[in-house]
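For the sequence shown, the positions run 1 to 688 when full-length UniProt numbering is used.
C-beta: ideal position from N, C-alpha, C; glycine also.
Encoded as structure tokens, the structure appears first; notes follow it.
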Amino acid sequence: MKAYVSNQIRNVALVGHGGCGKTVLTEAMLYTTGVTNRIGKTEDGNTVSDFDKQEIARKLSISTSLIPIEWNKDKYNILDTPGYFDFVGEVNSALRIAGGAIIVVDASSGVEVGTEKAWEYTSKRKMPRFIFLNKMDKENVNYDKVINQLREKFGKSIAPFAIPLGTDRGLRGLVNVVDLVAREYNGKECVDAPIKEEWMDRIQPIRDMLMESVAESDEVLMEKYFEGEEFTAEEIHEGLRKGVLEGSIVPVLVGSAVNNIGTHTLLNMIDTYMPTPKDMKPYEGIDPKDKSDVLRNISVEEPFSALVFKTIVDPYVGKISLMKVISGELKGDMEVYNPEKDKVEKIGSLFLMRGKSQIPVDKVVAGDIAAVAKLQYAQTGDTLCDRSNPIQYSKIEFPQPTLFMAVEPKAKGDEEKISSGLSKLTEEDPTFVVKRNKETKQTLIGGQGDMHIDVITSKLKNKFGVDVNLVDQLIPYRETIKGKSDVQGKHKKQSGGHGQYGDVKIRFEPCQEEFIFEEEIFGGAVPKNYIPAVEKGLKECLECGVLAGFPVVNMKATLYDGSYHDVDSSEMAFKIAASLAFKKGMEAANPILLEPIMHVEIIIPEDYMGDIMGDMNKRRGRILGMEPIGDGNQKVIAEAPQAELFKYATDLRSMTQARGSFTMEFARYEEVPAHLSPKIIEGVKAKK
1 MKAYVSNQIR NVALVGHGGC GKTVLTEAML YTTGVTNRIG KTEDGNTVSD
51 FDKQEIARKL SISTSLIPIE WNKDKYNILD TPGYFDFVGE VNSALRIAGG
101 AIIVVDASSG VEVGTEKAWE YTSKRKMPRF IFLNKMDKEN VNYDKVINQL
151 REKFGKSIAP FAIPLGTDRG LRGLVNVVDL VAREYNGKEC VDAPIKEEWM
201 DRIQPIRDML MESVAESDEV LMEKYFEGEE FTAEEIHEGL RKGVLEGSIV
251 PVLVGSAVNN IGTHTLLNMI DTYMPTPKDM KPYEGIDPKD KSDVLRNISV
301 EEPFSALVFK TIVDPYVGKI SLMKVISGEL KGDMEVYNPE KDKVEKIGSL
351 FLMRGKSQIP VDKVVAGDIA AVAKLQYAQT GDTLCDRSNP IQYSKIEFPQ
401 PTLFMAVEPK AKGDEEKISS GLSKLTEEDP TFVVKRNKET KQTLIGGQGD
451 MHIDVITSKL KNKFGVDVNL VDQLIPYRET IKGKSDVQGK HKKQSGGHGQ
501 YGDVKIRFEP CQEEFIFEEE IFGGAVPKNY IPAVEKGLKE CLECGVLAGF
551 PVVNMKATLY DGSYHDVDSS EMAFKIAASL AFKKGMEAAN PILLEPIMHV
601 EIIIPEDYMG DIMGDMNKRR GRILGMEPIG DGNQKVIAEA PQAELFKYAT
651 DLRSMTQARG SFTMEFARYE EVPAHLSPKI IEGVKAKK
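Laid out in structure tokens, this is it:
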């Protein structure tokens, strides 16, 4: 691939609902630009961007693929992102470094949840974007209906730039309304065709509407428009481009990726309307030394800086870091500074990625995307920069995990391999976390949903050769007392020579703190030097309650009397006496089970309010409040037991057609309802 300067580069992310055809559209672009000699299909497992074993087996994209192509003396970095919601982190990182986005829509399905989400993500970032209506060749596709649906959902910025030419046998081609160019499909490819007079009735109203948008982009053009003068082709492109870059115009294109209809027009449109680095605002960062604000233009004249947006972990090749060069140039053998880790990294060989293929290059300029292997410290979201001109860009935002499962090795002795494999996978995927619960002794993996967790365990097996079972996480219950008790703990043992003797009388009662120990000994009934042993004995007992062996909290113990033996008493004897008192005292003071209560914040479209609130009640939850947050969405604030929320990520998705999202954090412990306690205690004892 030849070298390109910054202003010949376009970074474009393909986003949209799962199954809308992003990967096949990427294939059509590869074919049209002469990189491949056929259009691969997801179902055949032969596409350039879905190369991972998991992607081929599941027939869907799991991670973002980088596909550089060349068109009209320019270079496009196409970022093919997953549509499935479990892999939204991949979309976040691709959009962070893209200049523009193409929202792919399955014309036979119209606006889907993934379309809405893609619009939301790109709106939030104020990105220039197109909409590509794919699968226009399918039966019963109604173009006007889809356009109306897009307008209804996303407003008046929706602007058709192309209309389909259809027959009873499906899509025959399209007309580019802006340039008045027709493209007809001859069974193999699309070729230019003359525009027929009878088509103009359909074309003219749409073209008039676009000319209005051109007029609104500039005062001189507005004057020209009112005087009835025709715009030049250059004025049309410039006016529309201004609207696209500002986001006031979102062009809608049509085609069929699988038949390579509309690809040529789309590639030309990217060239004409998508931003080059010179159109983009400077990147904001901070000076890592004094935390002052720093701005960097996307220019080779500025000091080197780059943002690592993706990490690929390969057990054979090692770690590959994908980064966007934001300023300056990156060359092999350079030394770069990582302010996040305060380390200097040595750049080895430099290459471009196209799917899994590596294309060696000598240098990568500002605005372009590079790949570097075997960086020691760099992780996704890190900045790399010139040490003498440091800058640190903000991290990429990733969603918190919403579903946790415990992993157990299928084979004994695999714990080390599991730990090492999971650690490497967290480098590759920041939306996935690994936690060790010291209390339940479980290794927990957290992800965005069932499929995400399933993909992680499959990768563990395929990449690192270790098989695991997934089990529900154990709930860290607690035990406490509701009543008071007054008991004696006496330990007396005689076995020739020195015996053992310890005798304590202790009052137990509830309290607000985790544990309080007091002593009210008079007259030396228990010598002072044995009192710490009593406290220590009680504290050791707190780790294992009498109901089901859970830790004990909110208890006060007062040592008020006892007795000792001059010869046989010892610290050990008083520790044992204290433990006997603890068991008796707890049993006599109405012991109860406590469960963790979670604070949950759920964001949903208003239409689902009734379902969500009804479901929360079934989960023994309490609604604490509601607040509107714009765009017809509501935030529901609730509390519910952790035991009822294990699969909430999956259930919320099905209740809201994946439109809902939530965050959850621990709030406090509360008493388990009396009718549920015996079942929980029985279950725990059975497992033990």
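In chain order, what residues of the same chain have a beta carbon less than 7 Å from the beta carbon of N46, not counting five sequence neighbours either side?
-> Same-chain partners within the cutoff: G40.
F398 versus T265, D467, F309 and N389, residue with shortest Cα-Cα distance | It is F309 whose Cα lies nearest to the Cα of F398.
Can you say whether A674 is buried or exposed, counting buried as having 16 or more other CB atoms within 10 angstroms of its CB?
-> By the 10 Å Cβ count, A674 comes out exposed.
With 16 as the cutoff for other CB atoms within 10 Å, does S292 come out buried or exposed?
-> The residue in question, S292, is exposed, as its Cβ has fewer than 16 Cβ neighbours within 10 Å.
Sub-8 Å separation of E543 and P551 beta-carbons | Taking 8 Å as the Cβ cut-off, E543 and P551 qualify as a contacting pair.
If G83 sits next to S61, beta carbons under 8 Å apart, how far is it from one beta carbon to the other, in whole angstroms?
-> Here G83 really is in contact with S61; their C-beta atoms are around 7 Å apart, less than 8 Å.
Outcome for Q442 when other beta-carbon atoms lying within 10 angstroms are tallied against a minimum of 16 | By the neighbour-count rule (16 or more Cβ atoms within 10 Å), Q442 is buried.
What runs of the alpha helix (DSSP H), each 4 residues or longer, lie entirely inside the region 521-595?
-> Complete alpha helix (DSSP H) runs here, min 4: 531-541 and 571-588.
Which ranges would you report for the beta strand (DSSP E) in the region 138-180 if only whole runs of at least 3 residues count?
-> Entirely contained in the region 138-180, the beta strand (DSSP E) runs reaching 3 residues are, in chain order, 158-160, 162-167 and 170-176.
If you follow the beta strand (DSSP E) that I279 is part of, which residue opens it and which one closes it?
-> The sequence as given places Asp at residue 279; Ile does not occur at that position. Annotation: D279 is outside any beta strand (DSSP E) and is labelled neither H nor E by DSSP.
C-alpha distance - K395 paired with Q488, whole-angstrom precision = So the two alpha carbons sit approximately 59 Å from each other.
Apart from the five residues just before and just after E408, which ones in its own chain have a Cβ nearer than 7 Å to its Cβ?
-> Within the same chain, E408 has close Cβ partners V468, N469 and V471.
What is the C-beta distance between S6 and V244, in whole angstroms, given that I count them as a contact (C-beta under 8 Å)?
-> 20 Å between Cβ atoms; not a contact.
Around the C-beta of G255, are 16 or more other C-beta atoms found within 10 angstroms, so that it is buried, or is it exposed?
-> Here G255 is buried, its C-beta having at least 16 other C-beta atoms within 10 Å.
In angstroms, rounded to a whole number, what distance separates the CA positions of M269 and V220?
-> So the two alpha carbons sit approximately 25 Å from each other.
Express the C-alpha separation of G100 and L384 in angstroms, rounding to a whole number.
-> Taking the straight line joining both Cα atoms gives about 23 Å.
F87 by DSSP, collapsed to three states: which one?
-> DSSP places F87 in helix when its eight states are reduced to three.
Of the choices G114, M613, I592 and T276, whose alpha-carbon is the least far from that of E601?
-> Of the candidates G114, M613, I592 and T276, the one whose C-alpha sits nearest the C-alpha of E601 is M613.
Can you have a look at G187 and say buried or exposed, based on whether 16 or more other CB atoms are within 10 angstroms of its CB?
-> For G187, the number of other beta carbons within 10 angstroms of its own is below 16, and it is reported as exposed.
Can you have a look at T23 and say buried or exposed, based on whether 16 or more other CB atoms are within 10 angstroms of its CB?
-> Burial call: buried.
Would you be able to state if there are at least three C-beta pairs under 8 Å between the region 512-528 and the region 613-626?
-> No, they do not touch.
Can you tell me the Cα-Cα spacing of E479 and K583, whole angstroms?
-> Taking the straight line from one Cα to the other gives about 13 Å.
How big is the Cα-Cα spacing for S157 and V177?
-> One C-alpha to the other measures close to 16 Å.
DSSP three-state call for V357: helix, strand or coil?
-> It should be pointed out that residue 357 corresponds to Ser in this sequence rather than to Val. Under the three-state reduction of DSSP, S357 is assigned to strand.
By the 10 Å Cβ neighbour count, where 16 or more other Cβ atoms means buried, how is E27 classified, buried or exposed?
-> Per the 10 Å Cβ criterion, buried.
Three-state class that DSSP yields for V220 in the structure shown | In the structure shown, V220 adopts helical secondary structure according to DSSP, grouped into three states.
Would you kindly work out how many angstroms separate the C-alpha atoms of L174 and T272, rounded to a whole number?
-> Their backbone Cα atoms lie some 18 Å apart in a straight line.
Please report the residue range of the alpha helix (DSSP H) in which V684 lies.
-> The continuous alpha helix (DSSP H) containing V684 extends over residues S677 to K687.
For the 8 Å Cβ check, are there 3 or more pairs between the region 407-425 and the region 331-343?
-> The answer is no - the region 331-343 does not touch the region 407-425, with fewer than three Cβ pairs under 8 Å.
Buried or exposed: which applies to K145, given that a residue is buried once 16 or more other Cβ atoms fall within 10 Å of its Cβ?
-> K145 is exposed by the Cβ-count criterion.
What number of angstroms, rounded off, separates the C-alpha of K135 from the C-alpha of G262?
-> The alpha-carbon atoms of K135 and G262 are separated by roughly 11 Å.
From N140, K117 and E120, pick the residue whose C-alpha is nearest to that of S109; which is it?
-> Answer by Cα proximity: N140.
Residue range of the unbroken alpha helix (DSSP H) whose run includes F231 | Neither: F231 is in no alpha helix (DSSP H) and is coded neither H nor E.
Going straight from the alpha carbon of A370 to that of V361, what length do you get?
-> About 9 Å.
Would you call the CB atoms of F51 and G355 closer than 8 Å?
-> Their beta carbons are under 8 Å apart, which means F51 touches G355 by this criterion.
Following the continuous beta strand (DSSP E) through V258, name the residue where it begins and the one where it ends.
-> Taken as a continuous stretch (DSSP letters only), V258 belongs to no beta strand (DSSP E), as it is neither H nor E.
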